[in-house]
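Residue numbers for the sequence shown follow the working numbering, so the first one is 7 and each next one is one higher.
Glycine residues also receive a C-beta, built at the ideal position from the N, C-alpha and C atoms.
Heads up, the thing below is written out as structure tokens.
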Amino acid sequence: MKKNTRLLRLKFNLFVTILCAATILLGYGFDRVFTANAESLLVTQAKTNDEEGTAEAEPVATKEMVKLQLTATEDSTAASSDSGVDNTDDTASYISVYTEADTASVIVEQVFTGEWAEYIGQADGFIHIKTNAGNEGYILAENGAVQSVSDKSSNISLADAVIVLDPGHGGNDAGAVSTNEQFYEKDLTLATAEVIKTALEEKGATVYLTRSDDTFVSLDDRVQKGIDENTDIFISLHYDSFDTANTMSGYTSYYYYEYEEALAKDVNSGLTSSINALSNIGVRTENFEVIRETPYPSLLLELGYINTYSDLLSITNEEYYDQVASGIVAGLEKYFQG
Ligand SMILES: [Zn+2]
């Protein structure tokens, strides 16, 4: 009798376990298991096709770029010229671009380490490049790394676009702080990013955040996120502060590379059409790491002054984030159509 009860209980427990497992599999896991299998099947098929030389999948277009990274000692005399307080790189220094593949030739330009340039070719210990300013010249081979980066066309719709939003600061890096010390830039940038993400997703865009909670993310990792996600646009979000409180007001759109000017203008004009509480400072260029070291179109938006009381009233308000989001949506729609 005792034995039978135990056996019955065991059978019942087993039945419940199987039922639970089946429920979990059907309810939650089945889709994922099936999707994962389908994906690995596709990957296998693509590989097979590749081997047979009959791949039908559209290959990602790439172009050769040169990441300028100062390693040669003879260029280390140049000084840092960072002026902003946000995302600057204290170790930034210049790399000389020579007219010929010879360090004794004339220097046509000095470019920042961390910047990207167009790759033209190799030349005996030198790399032939075209700089952001449009100058052709030669850098020492050890000062540049040739890399394949995706070459995505802007001639797509917002619905097909991949956007990486970068909420500035986070974790032990609070960013700028309001005068009453109640508001941190890191919280406002994250709150803003979440609203923009939703608005862009409603338009069909694929959106990634460089951080989705209050954690510290290095500038390099933020830049890398855009590379990893093969992004079309990267937008870094910040709030300004000025040495003297209640002095400055308004929002500013920053870009680094000349080819990003149209994007910056489109987004900035989008913002002016939707933001009514703050004034537009305009479009500017600045040497911020997250827009200098990105081999894809990127912007940095300063969306108001956290230590100016009238700005603070707006930028701590969900309504303002909605306005910023509509402005960015309008700007990107214009950019992708243009
Ligand atoms: Zn900032």
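Check whether the Cβ of His244 lies closer than 6 Å to any heavy atom of ligand 1, and answer yes or no.
-> Counting from 1 along the sequence shown, the entry for residue 244 is found at position 238. His244 Cβ: within cutoff of ligand 1.
Tell me which same chain residues have a C-beta within less than 7 Å of the C-beta of Phe342, skipping the five on either side of it?
-> Numbered from its first residue, the sequence shown carries residue 342 at position 336. Once the five neighbours on either side are set aside, the close Cβ partners of Phe342 are Ser160, Ile162, Ser163, Leu164 and Ala167.
Buried or exposed: which applies to Gln329, given that a residue is buried once 16 or more other Cβ atoms fall within 10 Å of its Cβ?
-> By 1-based counting over the sequence shown, the position of residue 329 is 323. Buried.
Is it the case that the Cβ atoms of Leu206 and Pro173 are separated by a distance below 7 Å?
-> Taking the sequence shown and counting its residues from 1, one reaches residue 206 at position 200. Taking the sequence shown and counting its residues from 1, one reaches residue 173 at position 167. Not closer than 7 Å, so no.
At a cut of 8 Å, does the region 147-159 reach the region 67-77 through at least three beta carbon pairs?
-> yes
In terms of alpha-carbon separation, which member of Glu339, Glu191 and Asp317 lies closest to Asp238?
-> For the purposes of this step, residue 238 is taken as residue 232 along the sequence shown, with counting starting at 1. Of the candidates Glu339, Glu191 and Asp317, the one whose C-alpha sits nearest the C-alpha of Asp238 is Glu339.
Which runs of the alpha helix (DSSP H) spanning at least 4 residues fall entirely within the region 202-281, listed in chain order?
-> Taken in chain order, the complete alpha helix (DSSP H) segments of 4 residues or longer contained in the region 202-281 are 225-234 and 267-280.
Nearest to Thr284 by alpha carbon, out of Val273, Arg298, Glu266 and Leu319?
-> Counting from 1 along the sequence shown, the entry for residue 284 is found at position 278. One point to set straight first is that residue 284 is Leu, not Thr, in the sequence displayed. Checked all of Val273, Arg298, Glu266 and Leu319; the closest Cα to Leu284 is Leu319.
Run through DSSP, which three-state label would Lys340 get?
-> To locate residue 340, count along the sequence shown from 1; it is residue 334. Three-state DSSP puts Lys340 in a helix.
For Gly288, is the beta carbon positioned less than 6 Å from some heavy atom of ligand 1?
-> Here residue 288 refers to the residue found at position 282 of the sequence shown. Not so, every heavy atom of ligand 1 lies at least 6 Å from the Cβ.
State the Cα-Cα distance for the pair Ala151 and Asn323, rounded to the nearest angstrom.
-> As a first step, residue 151 must be located in the sequence shown, where it is residue number 145. As a first step, residue 323 must be located in the sequence shown, where it is residue number 317. Near 44 Å, if we compare the C-alpha coordinates of Asn323 and Ala151.
DSSP three-state call for Gln75: helix, strand or coil?
-> Here the question's residue 75 lines up with position 69 in the sequence shown. Three-state DSSP puts Gln75 in coil, outside helix and strand.
When we look at the beta-carbon of Arg290 and count the other beta-carbons within 10 Å, is it buried (16 or more) or exposed?
-> The residue you call residue 290 lines up with position 284 of the sequence shown. With fewer than 16 other CB atoms across the displayed protein chains lying within 10 angstroms of its CB, Arg290 is exposed.
Per DSSP, Glu106 forms a beta bridge with which residues?
-> By 1-based counting over the sequence shown, the position of residue 106 is 100. Partner(s): none; Glu106 has no beta bridge.
Inter-residue Cα distance where the pair is Gly337 and Asp108 | Counting from 1 along the sequence shown, the entry for residue 337 is found at position 331. Counting from 1 along the sequence shown, the entry for residue 108 is found at position 102. If you take the alpha carbons of Gly337 and Asp108, they lie about 45 Å apart.
In the structure shown, what three-state DSSP assignment does Leu284 receive?
-> Taking the first residue of the sequence shown as position 1, residue 284 is located at position 278. Coil at Leu284, not helix or strand.
With a threshold of 16 other CB atoms inside 10 Å of the CB of Val223, please say whether the residue is buried or exposed.
-> Taking the sequence shown and counting its residues from 1, one reaches residue 223 at position 217. By the 10 Å Cβ count, Val223 comes out buried.
Residues of its chain near Arg228, where Cβ-Cβ distance is below 7 Å and the 5 sequence neighbours each way are ignored | Taking the first residue of the sequence shown as position 1, residue 228 is located at position 222. For Arg228, where only same-chain residues beyond five positions count, the Cβ hits under 7 Å are Asp172, Thr216 and Val296.
Using the Cα positions of Asn138 and Thr77, report the straight-line distance between them to the nearest angstrom.
-> Locating residue 138 in the sequence shown gives position 132, counting from the first residue. Locating residue 77 in the sequence shown gives position 71, counting from the first residue. Their backbone Cα atoms lie some 20 Å apart in a straight line.
Do Ala123 and Val72 come within 7 Å of each other at the CB atom, strictly closer than that value?
-> If you number the sequence shown from 1, residue 72 lands on position 66. If you number the sequence shown from 1, residue 123 lands on position 117. In contact: Val72 and Ala123 (Cβ atoms closer than 7 Å).
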